[in-house]
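So the protein sequences, as listed, match chains H and B.
Quick note: the first sequence uses this note's numbering, first residue 1, plus one each step.
Quick note: the second sequence uses this note's numbering, first residue 570, plus one each step.
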Amino acid sequence: MTGQEQRTGGYTENIVVAETDLTLIGRFRDEPAPLLPILHAFHNRDGFIGSEAIEAIAKELRIPLADLYGTVTFYHHFARAEGGLQRPRVCTGPVCRQRGALEIVESLEGAEEMPCAGRCDDPVPLLIGHETFVVSAPLHTLQRRISSPLPVPNPGGREECVFAEIRAPERDSLDGYRRSGGYDALTQAVQGQSPTDVIDVLKESKLAGRGGAGFPTGMKWQFVREAPGEPKSIVCNADEGEPGCFKDRALMDHDPFAVIEGMTLAGYATGADRGFLYLRYEYPETNTRLEEAISAAEEAGLLGENILGSGFTFRLYLRRGAGAYICGEEGSLLNSLEGKHPFPRNRPPFPTTHGFENLPTAVNNVETLCAVPQILRRGAEWYQKLGLGDHAGTKLISLSGDVQRPGNYEVPFGLPLRTLLHDWAGGPLPGRSFQAASMAGLSGGFLASEALESVTLDEPSIRGAGSMLGAGGVIVFDDSRDIVDAARQAMAFFAHESCGKCFPCRIGTQRLLERLSGGGPGELDAWRREISDIGDVLELSACGLGVAAGFVSDSLLRNFPEQVEAFRG
Amino acid sequence: MAAVQHVSIREFGWLCSPSLSGEVSQPQLQQIMASVNQSQQQPKITLDGEQMEFSPGETVYEVATRAGKTVPTLCYDPRLEAFGSCRLCVVEVAGQRTPVASCTTQAEDGMEVTTASAKVEGLRRTLLELVASENREVAVDALRGVASQELGTLVEQYDAGCGRFAGAQSGASRPDDPNPFILRDYDLCISCYRCVRVCAEQEGDYAISIANRGFATQITVEFGGHLQDSACTFCGQCVQTCPTGALADKKALRFAGDGTLNGGS
């Protein structure tokens, strides 16, 4: 960092922008949220983002040069050195580590590590340019992957919501989608339902945010509808960066029109006329598929001006992230869309009143939006009753790690976790037993084997066990795994992804990583006290990342005291 | 009693029609006073057991400092928009499970706030221990800048310099920067971004920014260069707001070095 690049500047008026660069910038400069697509255009053309590119963009978009430089360095997938885009990047997330990812990195020339790339059901992914390959250790052949595994039919025979039609023939094409009930909900809404009718159905269904926060969707849409200020926006959070979470990828790969229809319905209900789908960098094939789906919907009059002849207008913009887990936090995501440094925002105010460009905005997860058309087609009561007992609806669980049949499963809320692990997914690998599982991807920390037998898949039960369900990633670790090392890896992830805004997270994740790597006081009690004291201040973090890091270290001390003693012994 | 009423009616004279301002009967006066009280009633919070009035829009931190409370902060500068990053100003609010940052929390009528419970003071101490652990040193020459003693003072006050949380240090100093005005001693930086924010919000220069993420965060100009090649005007606002002496007045330090104002320049 301290090395100075040979550029002069500060004053962008002295910068001369090449004609070819102007053309590249011109493609997006009149669209909303232009910075990310322009940066990607240069990254794709040059194979890296050079200083001249940053100067040209800063001048044309009128962004302070220092700001833009700092913002580009925030995203780990933007290469700053020539040839960087084509360097192989190997996923070294928790599941891929179990599958020998580090060996692959070592055996592949010039390879770099990347945080979990969301293919824990099909490890080990490798990104070269904008192509995904899958390799297994020791390195043999690279297999190109243009799609991700289709979820298997529900093993428990339970009725599904978001996966209900996903296996229908050609569901990923507009014709196939419409043949299996697609766009029925939108047609019905624009022709016969008022926006408040749509909101009422969602409220009655008890659908809540499936990205982890669980805020009631109908209420959020009502807030946006009633908030003053225009234009309003819908933002689909498809920045699925949580290690061990790959449900949104499956939905977008196999059911891309469902998320588009969900966003369009959100626009209709809230009065928003523009939407942004913020997709994580690591899903390049999904990006292509969504681009195609958006074009197809526009051509068919299902997106854009005067949708289905109703006079309702909704434009959808696909925006690709560039490698930053924090951009899954809604404030960071909005700042990233706006071209600002992607720090989280202080709340309140909330995005419902002060979202994209400080205007009313509904930020919803992919899974939430995909549920909306199904609920509107089949009714609120239908959806509510999919849950077990008092629980309403369903949740996608991304199950991975040391289990016979990893994959995405749609479970009714309230399903015992043991039913999922043993009956649906086939239990542990031969000769092994479960030692632990991480919840909410990594953010919920680790539950020990006893809790895995007793909790049910719903927030109150898992919170009661000191963890959280969150976005629904569950990574299983069997008795062959070193759980302290798993916690160290998790902390390395949070330290790597900490944005650096708030003190407890920026310093605390680093100190925890050092301690879980063998550093810190030699005496066990003092070591433990440092870890638990850091956990206490992590709760003061401004966003969920810091809080999650504390879940990891606290759950290790609480649920695995013997392993901790053996580590420090 | 009558005197109080007399003062009140004069004070709120704008509510009364000219005819009323002369002769007012007792029931009329009571009616007027009731409506005055209703329209003028200030919202209140309870601050460490005492009622404090506030104006809508004020933050808990602003109300608390107005009441004479000392709430520690490192990222706060009254000239800047509240940022909420150091988390030292956390206070307990009745009904909230975890303490909240008072600088970014707006006061609400009826809020019950405890500014310095044993729990909060303990958390502040841990935070200060963490901050102290990332720097080369905490005690710096006061000539570095007017705010340069903020971290050292708090660390001493909270007895947070006992060496816990030892580990890697953050920030890299720029002894290579040849400008004659501003010392960029980022080994002492705690990433409060007051310099970046004052440069943008007060000066409108946007000369410095934040590179990288997390513990690798570094205050920088474009492309990691020198201040004189950037939009920096050497106004010195960043030095003035820096709470650790990471940014310092080179000229003052030369004075400290040999005892003459112009020595070494």
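Positions of the beta carbon are idealized from the N, C-alpha and C atoms, including for glycine.
Just so you know, these numbers come straight off a predicted model, no measurement behind them.
(Q) For M114(H) and G508(H), I'd like the C-alpha separation in whole angstroms. (A) About 22 Å.
Q: Within the same chain, show all residues whose beta-carbon is closer than 6 Å to that of P149(H), passing over the 5 residues directly before and after it, in chain order.
A: Within the same chain, and ignoring the five residues on either side of P149(H) in sequence, the residues whose Cβ sits closer than 6 Å to its Cβ are D121 and D122.
Q | Contact check, P574(H) vs A117(H), beta carbons under 8 Å | A | Residue 574(H) lies beyond the stretch modelled for chain H, which goes from 1 to 569, so this question has no answer here.
Q.
For a cutoff of 8 Å on Cβ pairs, would you count L36(H) as touching chain B?
A. When Cβ-Cβ separations below 8 Å define contact, L36(H) makes no contact with chain B.
Q: Jot down the residue ranges of each uninterrupted beta strand (DSSP E) in the stretch 691-764 of chain B, minimum 3 residues, whole runs only, in chain order.
A: Under the rule that a run must span 3 or more residues, the beta strand (DSSP E) segments found entirely inside the stretch 691-764 of chain B read 751-753.
Q | Neighbour list for R733(B) in chain H, Cβ cutoff strictly below 7 Å | A | Near R733(B) (Cβ distances below 7 Å), the residues of chain H are E530.
(Q) What ranges does the alpha helix (DSSP H) occupy inside the stretch 347-374 of chain H, keeping only unbroken runs of at least 4 residues that lie completely in it? (A) Taken in chain order, the whole alpha helix (DSSP H) runs of length 4 or more contained in the stretch 347-374 of chain H are 351-354.
(Q) What are the residues in the stretch 770-786 of chain B lying within 9 Å of chain H by C-beta distance? (A) The residues in question are D774, Y775, A776, I777, S778, I779, A780, N781, R782, G783, F784, A785 and T786.
(Q) Is there a Cβ of chain H sitting closer than 8 Å to that of C811(B), yes or no? (A) Not closer than 8 Å to any Cβ of chain H, the Cβ of C811(B) fails to qualify, so no.
Q: For P149(H), go through chain B and note every residue whose CB falls closer than 9 Å to its CB, in chain order.
A: The premise fails here: P149(H) is roughly 32 Å from chain B at the closest Cβ pair, so nothing lies under 9 Å.
Q) Start and end of the alpha helix (DSSP H) containing F580(H)? A) No information on residue 580(H) is available, as it lies outside the stretch 1 to 569 that chain H covers here.
Q) Are the C-beta of T8(H) and some C-beta of chain B separated by less than 8 Å? A) Any reading at T8(H) must be qualified, since the residue scores a pLDDT of 44, below 50, and its modelled position is unreliable; the value itself is stated next. Interface residue (Cβ-Cβ distance to chain B less than 8 Å): T8(H) is classified as such.
Q: Output yes if chain H places a C-beta closer than 8 Å to the C-beta of S624(B); else output no.
A: Chain H, which has no Cβ nearer than 8 Å to the Cβ of S624(B), makes this no.
Q. Counting only runs that start and end within the stretch 529-569 of chain H, where is the alpha helix (DSSP H) found for 4 or more residues in a row?
A. Counting whole runs of 4 or more residues, the stretch 529-569 of chain H contains the alpha helix (DSSP H) stretches 544-559 and 561-568.
Q: Take H795(B) and list the residues in its own chain whose beta-carbon comes closer than 7 Å to its own, dropping the five residues that flank it on each side.
A: Excluding sequence neighbours, H795(B) sits near D746, P747 and N748.
Q: Report yes or no: do the stretch 397-406 of chain H and the stretch 240-249 of chain H share at least 3 C-beta pairs separated by less than 8 Å?
A: Contact between the stretch 397-406 of chain H and the stretch 240-249 of chain H is present: three or more C-beta pairs spanning the two stretches fall below 8 Å.
Q) Which residue or residues does DSSP assign as beta-bridge partners of L396(H)? A) In the DSSP output, where bridge partners are listed per residue, L396(H) has E410(H).
Q. Does DSSP put T92(H) in a helix, a strand or coil?
A. Looking at T92(H) - three-state DSSP - the assignment turns out to be coil, as it is neither helix nor strand.
Q: Classify G591(B) as buried or exposed, calling it buried when 16 or more other Cβ atoms lie within 10 Å of its own Cβ.
A: Model confidence at G591(B) stands at a pLDDT of 45, short of 50, so the residue's coordinates are unreliable; what they give is reported in the following sentence. Its Cβ having fewer than 16 others within 10 Å, G591(B) is exposed.
Q.
Within 10 Å of its beta-carbon, does E562(H) have 16 or more other beta-carbons around it, so buried, or fewer, so exposed?
A. With fewer than 16 other Cβ atoms within 10 Å, it is exposed.
Q | Proximal residues of chain B, C-beta to C-beta of P64(H) below 9 Å | A | Within 9 Å Cβ-Cβ: A769, D774, Y775, A776, S778, E791 and A800.
Q | Cβ of L822(B) within 8 Å of any chain H Cβ | A | False, the Cβ-Cβ gap to chain H never drops below 8 Å.
Q) At a Cβ threshold of 8 Å, is R656(B) touching chain H? A) Using a Cβ-Cβ cut-off of 8 Å, R656(B) counts as an interface residue toward chain H, since at least one Cβ of chain H sits closer than that to its own.
Q. How about E703(B): is its C-beta nearer than 8 Å to some C-beta of chain H?
A. For E703(B), the answer is yes, since a Cβ of chain H falls inside 8 Å of its Cβ.
Q: Tell me whether the beta-carbon of G393(H) lies closer than 8 Å to the beta-carbon of L207(H).
A: Contact flag set, yes.
Q.
Alpha carbons only, please: which of D818(B), Q738(B) and E650(B) is nearest the one belonging to Q806(B)?
A. When each option's Cα is compared against that of Q806(B), the closest is D818(B).
Q: Determine contact between the stretch 753-768 of chain B and the stretch 32-46 of chain H, defined as no fewer than three beta-carbon pairs at a distance below 8 Å.
A: Judged by Cβ distances under 8 Å, the stretch 753-768 of chain B makes no contact with the stretch 32-46 of chain H, as fewer than three pairs qualify.
Q) Between the stretch 511-530 of chain H and the stretch 728-744 of chain B, do three or more beta carbon pairs fall short of 8 Å? A) Touching, yes, given that three or more Cβ pairs across the two stretches are closer than 8 Å.
Q) Since E112(H) is in the beta strand (DSSP E), which residue starts that stretch and which ends it? A) It spans E112 to M114 - the beta strand (DSSP E) in which E112(H) sits, taken as one unbroken run.
Q: Would you mind working out which of C499(H), H496(H), K501(H) and I531(H) sits nearest L512(H), comparing C-alpha positions?
A: Between L512(H) and the set C499(H), H496(H), K501(H) and I531(H), the nearest pair of CA atoms involves I531(H).
Q: May I have the straight-line CA-CA distance separating E109(H) from R87(H), to the nearest angstrom?
A: E109(H) and R87(H): Cα-Cα distance of roughly 9 Å.
Q) Whose CA, out of C236(H), R463(H) and F163(H), lies closest to the CA of K395(H)? A) The shortest Cα separation from K395(H) among C236(H), R463(H) and F163(H) belongs to F163(H).
Q. Exposed or buried, what is L22(H) when buried is set at 16 or more other beta-carbons lying within 10 Å of its beta-carbon?
A. Exposed, by the Cβ-count rule.
Q: Please state whether DSSP places Q620(B) in a helix, a strand or coil.
A: Looking at Q620(B) - three-state DSSP - the assignment turns out to be strand.
Q: Could you list the residues in the stretch 218-233 of chain H with a C-beta less than 9 Å from some C-beta on chain B, going in chain order?
A: Going along the stretch 218-233 of chain H in chain order, one finds no residue with a Cβ nearer than 9 Å to chain B.
Q | Within chain H, the residues that L692(B) reaches when beta carbons sit closer than 7 Å | A | Chain H residues near L692(B): D536, V537 and L540.
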